[in-house]
Every structure is written in structure tokens, then in C-alpha cells.
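Okay, so here's the structure we're looking at.
Chains as they are written, first to last, in the numbering used here: chain S, 5 to 515; chain L, 5 to 515.
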């Protein structure tokens, strides 16, 4: 017996305020009239269609009254990305596994991928066709071995998968740090200096994923950073630069998706890092890029050999795309500046820009050095005149004025910038000299204290490497807002302060 | 300022009827009084505790009224596994990433793992401490290379992670097929024959994951298969054998978790397959194991070379654990029997056991061959007497009586065993001889038709390889219950029937 010709039944869209992170998730009733839920259990990925619009999502099934049998509930990220009003009629069908997974399997079994295979993988990832475990399979398969041809193809595919900015003028400069060092907010000093000189520096930054603050989180203490492409262009036209969050500009969106899986897996391979950074900068329209590689025992790079290998890879890939890449290594043995966490870091930045005599010297000097490198892209300053020019722009107040122009152009932030008022001090257990500070541990501690979601949570350092301390003297102060964070942070700091202190004589004996 | 000493606040357990598959998922309110949801966003995995009981789960955050601020909602699998009543008070804390992930990263970077590292990975996976992407990372990292030492350690760790059955008597026989061939329900004939002879054969089977039926799904048409350990033991004591679902017995639970990630990724490596099967059989207390490796162009093994490599690996691992493993290759060029899908397969099985003259000959002969191998573990039958004994037990009706004893002992099934009444026939496009049948495509088609969730959905084959057909003659009939499945299946079968037909002369020319 044959039924009448069937067309897929329609379901009404409902929004459900369920925060599912990056993933698109939908919920249907097991009693759904349109979908045979039991059948669909075999397919965890479904396609939701309205006209030509398609969204890929993970399916959950409910027996509760959460969703009516003629409804489909879209969790927040899915609802936002699908961008159709509640009550819209949609059809739902099982999503076939993405075809490019065949190439991922070939990669896992040791094959090098062709450019078109890599393009297909990145296109599917960008359309949310990959589940987290499929992304993990691609990353792990690539982590053990990647040819230079694959790296170039991956970088190109990622750069071309989202917005690609174009700028008037021949030179667009940018800087990037590979991260890992608490408090290292040089961009917020370098951008106003370089922009004050007249070079174009349209800086997009990330928010923290596993650290207590990204540049976008810290800048948000001073100004709005959720800026789209058109507004970004007019800010840069007016101020030569900006300091905004990259998330609204959609540069190399595949990179954001890959990072969201790399980070929890701690899969930081050199190739992924280079593809990630260069693809973002190509999409941003940069022509000249300065890369900061901090080196230190608890930094991402432990020694100069590692830094050199990474430098070569950055230069190799940059060259292939006509991007002028300069790579410098910097001191990554300890945090830069005194503050860790958005509000405390913003205080450091403004102290440097204001020529405050108490401003942290290391943050000032490092920023001047980076700015000097960028300024020397200007033919007029080539050959060593960059540093003096950078210092002049800072000391004259020109950089501060430029920062205020940028802040005004981006508009006021609506976030709370109070400092956390539940505090405790961590004190030296003995007399001596600070010999090491663990960047990983202080990052984790500041995060436990509530940063970056509480802008005013974090750590203020009183001592740095080489400082003399007496037993009981405070090494740093932890700021929190909340009882439970306070307790967790205090327990963490008591277990291990992150500071190593050696007797003064031993420290003197070492050169 | 310091707060009073904080202890983690308590939340009331609520059950939410949300089917999240294998994963433990909990939902809390963004306005939760106890958890600072914003902080916890950084941690997708949390630990829920009540007294000494701990459950690891993935955290979702809601702004809706789904959950009160003093509540925590556990989705179905989490609620079932935590097994505490609604209203119980629990604490929730971020789950640190499992320590054994360090070993996974080492594996990805090419290191061979020690036994204790593999033990720790399997222990964490069994406790649901790994997310899907972390499991994928482990599997992919192992897929490219695994030493024989790692394979042994993995097999042992998996076998020891769940229930370990012990049986009275020295010999416990078992059989296992690596799968991939539709309709291949030999276990349901082999077990009653072998048990009727008096050997102990406590068979646990899986349900389908990506196929249209597992042995447990098909047996469930005839009897209850959701049987626990104690009941299993009394059934085997009474009948020498059983045919139950392994899911309630918790043998090698890590295997089920790994498979749930391997399958969607199509990561079927030989090492994973061997560890999976041998660990389950070790945990089941088997002493003698017969493994069926079907070989054919659309089977899991394409040729005898592949089968030989897999055979050697099975024998190597079996030897290390004192498990007597015998591996045979069988014809995997086409489905076995005529039915595909639980009800249709159960009909085939009962036709063979009843000596019905219309029973499928291939299913009967293959089952007799497998039973013969197992029977020859009996010293009295060694050296070739197994086949005659198996045939006698079948033809005399002893096997059928034993099957009824086992069915009675397991009890009646409560599932619907009607055959799907929405049907269509797929017909030969030309005159000729059937030269090939695509197992993968028929599996997919039967699944699209609704199997195994609709027991009576599936395919009945009218023609097998070598049969003459005339244009328009039915090749097979598809049974469904539901309009939408009917349409999907019909479209699939029209696109590609899965049958190759060659002109009779060409077929004759080939030897």
C-alpha cells in the first residue's frame, strides 16, 4: 500500500533561552507531529530550512511540555544565527554528514590534503556543518603532521571564509602577540602612538577564552568594542586606528570555531597558530605585521630555539601571501605591568599614556619598543628613528590625545568598571628576592577571581622578578566580587602563590 | 575586605525530560543564587555532588523559567545515572579537565603510552569525564599509530572497567561477527544449537547504532532482552545460553562510549575493533571465541589480505589474555537471509529453526558452519564431527525447542512486531542476472524505512546474487509505517537500488 505523496511537515519556530555556547541546538517534542523523533535519534545533526535559508543544528528530544508537538525550539545561538521571528514555519530534515569528512579521515590515515579538500573542510566548518568531535578529529589529524602546502592552503581558506577588509592607502600595519603573558596590554599603547604618527592601524582583538583578559575585554573598560565593519571603517578614517573586538567583524570565522575546540584540548600546534594569526591578518587587510613572541619558562615558548622555529614559519607563510612579517622575541618570564584583569590592566595602560610617574616601566618600555618597530615601516623613520619618535609621541601627550579620540569615536562602554571590593593579599613566606613568577598560575588565579566576566576582578602585583621582599610583605592583592570566587581564589593562592623567592645571597651570586 | 567562610551553596535537583543521548547534561538558571553562571561559562564541564556521589556533566545556562534560581535541572541520562530523587540537595563545582588528557596530548604528538596512562584514560572515559571532542582526540590520536603494547593495555583496561562475569565450568564459548552484512542473524540460530548440545554460550549482543538491526533488536521481537546480570546467570544456568542485550550488563562500558564517537566519525581502525571485541568477551567471561569476518566489496573487509591482517591481530591479542580465538572468513558479498530489519530477520531465523522448506539456505548453512566450529570445542566432537552434530540438532527440532526455552526464560517482549504496511517494490530495470548487491546501501535504505526503531520496518529481498531476473520483476519490497519514511526510502531506492544486473550472456561467460 502506498501513501499520498508526502512533503516534509512544517514546524513553528520558538525561541528558548538556553545558552549552548558556540553550538546550534534545537529541541523537538518526542510527540512531534511532523518529525518522527525516534527515527531522528540516529541523526544528531539536522537541517532547518525556511525558503533558501538553512541552519545546521544538533537535535535534542524532549518528553516535557517544553515544546509543543507542532513546534521547534531554537536555543539562543541557533535562534540568533537563523534570524527568523518566532512563529515562522520551517522544515527539518536529517543532515547528512559533511562530505569533506572523507578528507579528514584521509588526513588521519596519513594522507596530505589537496587545496580543494582543505577549502571544503573550512567551508563546512564555517557553515557549522561539523560537530565538535568532527572538528577535534580534523585538528588532531592535522596536529601530528601538516605539509607546508597544507598550511598555506589552510591559511588561505580560512582568510577567505569570512569578511575581507580593504583599506585606502598602500600600508596597513598591525601587531599581534601570541599570548600567554598576564597583563600584556601593549596594543592599547602601541595603537594610539602609531595612529598619532599617521599610520593606519585598524586593530581587532579577541576576548579572553582561557585567560583572564583579552585586549577586547580590557579596552571595553574604556570604550565600546562591539563595532561592526562599516563603523570600524569610519572610526579608522577619523582616527587612523581603532581598538575593537574582532567578533563583530567576522574575520576568519573558521579560526574562532577551531580555537573553541583547540583551547579545551590544549592543542596549540605551531601550524594551527600560524594559520590562525595570518588568516585573521590577511582578512583584516594588513600589509605589515609585527609579531611579539614572549619567551619564558611559563610562557607559550620556553626558549629561543622554539621561538626561532615559530618565527621561520610565520615568515614563510607571510611571504607566500605578500604580507611583510617581522617577528621579535620579548621577555616572557613574568607578567607585564602590575594589573591582571580588565579594570586593573586598563589602569596600567592609562597610567602609561598619561606619563604617570608610577606607571609600570616594563609595560611602557615594551610598548615603546613595539611601536618603534611599526613606526619604522614609515620610510621617513627607517633605520632606527622609530624609538625616539614613539617616545616623543608618548611624552608629548599626543598618544594620550589619540587614545581619547579613538575612545570617543568608539563611544562609551556600558560595562561596570568598579574594582572588586572583596580582596585578600598574598604574602611572602620568607625574606629574599623574587626569582620567578608563574604566568600560568596567575592567569588561572585571576580567572578564578572572576576575570574577565567581572571586569573589576583580578590581581594587582606589588613585586616583580628581582624585587627584594621581607617575610609577610604582600606580593599581590586579589580582587573579587563574590564570596564563592573569593574562597576558590584564596584556596588556590594558598596552595601555590605562583611566586618563587630565593635568599638574597643566592640571588646575588647569580649574575 | 574578607567575606565569611564560604561553603558551596546547595541546589535542588529537578528532572527535565530532555533526551541528550549519551551525554550528561544539566541546566541552571543564569540567575542562580548558588552558581555564578557567568563565571561557570568558562567551564563547560561541572561536577555534581551529593555526599560521596559525583556525576560529571556538561553545563547549559538558561535565562528562561525552565529552572528556578535555587534549582539544577538534570536531563534524562544525567538524572538516570545520578539516581537521586527530585528535590535532593546537591553542590555543583567546575570540573577540572581530566588529568589523563595530558597523556592523550602526548599520544597525539607521537608518544607511545604506558599502561598506567591508558588505565587512567579509560577510567576517566568510563566516569564520563571526557567530552565528545576529547574522546575524538584520543581516538584520532590512536588511529594513526598504536603499538602492540598499547593495544594490549587498552584491551585490558576496557575489560576491567565494568562488570566482569564469572561462570561455573571450564569452557564458555562465544561467537562474534564484526558486522556490516544486512540480515546476518546467525547468533540466534547458533546459540540454540550450541546450547542444545550442552555447551555454555551466554551471548550478549548490541543494538544497532548505524545499522538497521543489531542481534539484540531482532531478538527483542521474540523475547525480552533487557536483562541484568543476576537474571542472565539464572537463564544461562537453566538453558546453557541466552540472547540478551549487553547494555544492561555493563560489559566494557568504555567500549560503548568509544563506539558512540567512532561511528559518526567512521573511525573503524583494526586496533579499536580488536580492543572493543576482545575486551567485551573478556569481561563476559568467555574462554573460546569464534570470530566471523565477512569479506566482500561492500563489507567491512574488502579482500582476504585485509581479513588475514585482522585475523592475526585478533589471535595476537586473544593469546595474550589466554582466550582461545578462532577466526574464519565468510562470504560477505551480499546480505544473509531474505529479511533486513528486526521483524523480517526474526522471521528468517524462526523459519530456519523450524526447518521450513522456504527458509533462506544461506542463513541456514552459515549458521550450521559457525555452530560446527563452536561444537568442535567439545573434545567429543573434535576433528570434523561438529557439522553433522549441528545439523542433527537443527533437523531434529532440538535447536528450536532450545530456542523456545531461552525465549520463555527471558520472558515475553512488549514491543510491537507488526510488519510495516506501507510498502513499495523495487523492480529490475533490465533482464539479466544479479551480479552484486550493495550491503551499505541496503543497510541505509532499511534504516531510512524506520528500522530498527520501528521493528517492522525494513526490506524483504526476493533476489540474491546469481538469480535470473526479468525487467520489471520485483527485486525487493520495502516496509514502512510512516508517510515521511516511505517518501525518503522511495527516493533513496529510486536514486540507486543497490542491485547490479548484468546481461545473462556476460554473467555466464564469467566462471
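Ideal Cβ placement from N, Cα and C applies to all residues, glycine included. Just so we're clear, the structure is a prediction, and the values are computed from it rather than from any experiment.
From the options, residue whose alpha carbon lies closest to that of residue i
i, options, result
"residue 431(L)", "95(L), 481(L), 94(L), 455(L)", "481(L)"
"residue 507(S)", "496(S), 487(S), 473(S), 203(S)", "473(S)"
"residue 262(L)", "139(L), 270(L), 392(L), 62(L)", "139(L)"
"residue 441(S)", "13(S), 340(S), 93(S)", "340(S)"
"residue 277(S)", "466(S), 146(S), 426(S)", "146(S)"
"residue 220(L)", "144(L), 210(L), 408(L), 76(L)", "210(L)"
"residue 347(S)", "87(S), 141(S), 223(S)", "223(S)"
"residue 365(S)", "381(S), 375(S), 342(S)", "342(S)"
"residue 26(L)", "60(L), 101(L), 163(L), 207(L)", "60(L)"
"residue 295(S)", "383(S), 190(S), 218(S)", "190(S)"
"residue 484(S)", "505(S), 465(S), 425(S), 443(S)", "425(S)"
"residue 63(L)", "34(L), 55(L), 69(L), 87(L)", "34(L)"
Residues near residue i in its chain [Cβ-Cβ closer than 6 Å; skip 5 each side]
i, result
"residue 336(S)", "185, 298, 299, 300, 303"
"residue 489(L)", "453, 454"
"residue 496(S)", "449, 452"
"residue 23(L)", "80"
"residue 129(S)", "258, 261"
"residue 465(L)", "342, 480"
"residue 504(S)", "439, 440"
Per-residue DSSP class, three states only, for residue i
i, result
"residue 7(S)", "The pLDDT assigned to residue 7(S) is 47, lower than 50, so where the model puts this residue is not dependable, and the model offers no usable value."
"residue 149(S)", "coil"
"residue 189(L)", "coil"
"residue 57(L)", "strand"
"residue 109(L)", "helix"
"residue 182(S)", "coil"
"residue 347(L)", "helix"
"residue 87(L)", "coil"
"residue 487(L)", "helix"
"residue 243(S)", "helix"
"residue 316(L)", "helix"
"residue 297(L)", "strand"
"residue 130(L)", "helix"
"residue 172(S)", "coil"
"residue 250(L)", "helix"
"residue 41(S)", "Only weak support exists for where residue 41(S) lies, its pLDDT of 49 falling under 50; the coordinates are left without a value."
"residue 125(L)", "helix"
"residue 17(S)", "strand"
"residue 26(L)", "coil"
"residue 383(S)", "helix"
"residue 75(L)", "strand"
"residue 517(L)", "Given a span of 5 to 515 for chain L in the structure shown, any question on residue 517(L) remains unanswerable."
"residue 67(L)", "coil"
Own chain, CB closer than 8 Å to residue i, minus 5 neighbours either side, in chain order
i, result
"residue 116(S)", "151, 153, 154"
"residue 471(L)", "437, 438"
"residue 243(S)", "199, 406, 409, 410, 413"
Chain-order list of residues whose beta-carbon lies under 7 Å from that of residue i (same chain, five-residue window excluded)
i, result
"residue 445(L)", "500, 502"
"residue 385(S)", "379, 393"
"residue 252(L)", "230, 231, 232"
"residue 94(L)", "14, 15, 17, 52, 53, 54, 76"
"residue 415(L)", "227, 228"
"residue 417(L)", "224, 225, 226, 227, 228"
Contact with chain B by residue i, beta-carbon distance below 8 Å
i, result
"residue 210(L)", "Any reference to chain B falls outside this structure, whose protein chains are S and L."
message = Output needed in chain order: residues of the segment 339 to 361 of chain S with a Cβ under 8 Å from some Cβ in chain L.
response = Residues: none.
Residues of the segment 465 to 479 of chain L with Cβ closer than 8 Å to any Cβ of chain S, in chain order = none
query = Quick check: the segment 393 to 411 of chain S against the segment 458 to 468 of chain S, are there 3 or more CB pairs under 8 Å?
reply = no
inquiry  = What are the residues in the segment 99 to 126 of chain L lying within 9 Å of chain S by C-beta distance?
reply    = 101, 105, 106, 108, 109, 112, 113, 114
task = Could you please tell me which residues of the segment 144 to 170 of chain L, in chain order, have their CB closer than 9 Å to any CB of chain S?
result = Within the segment 144 to 170 of chain L, the qualifying residues are 144, 145, 147, 148, 149.
ask   = If you pair each beta-carbon of the segment 164 to 174 of chain L with each one of the segment 363 to 377 of chain L, do three or more pairs fall below 8 Å?
value = Remark: fewer than three beta-carbon pairs, one from each stretch, lie closer than 8 Å, so the segment 164 to 174 of chain L and the segment 363 to 377 of chain L are not flagged as touching.
request  = Below 8 Å between beta carbons is the criterion; list the residues of the segment 407 to 425 of chain S that meet it against any residue of chain L, in chain order.
outcome  = Within the segment 407 to 425 of chain S, the residues whose Cβ lies closer than 8 Å to some Cβ of chain L are 425, listed in chain order.
message = For the segment 254 to 280 of chain L, list every residue whose C-beta sits within 8 Å of some C-beta in chain S, in sequence order.
response = 265, 268, 269, 270, 271
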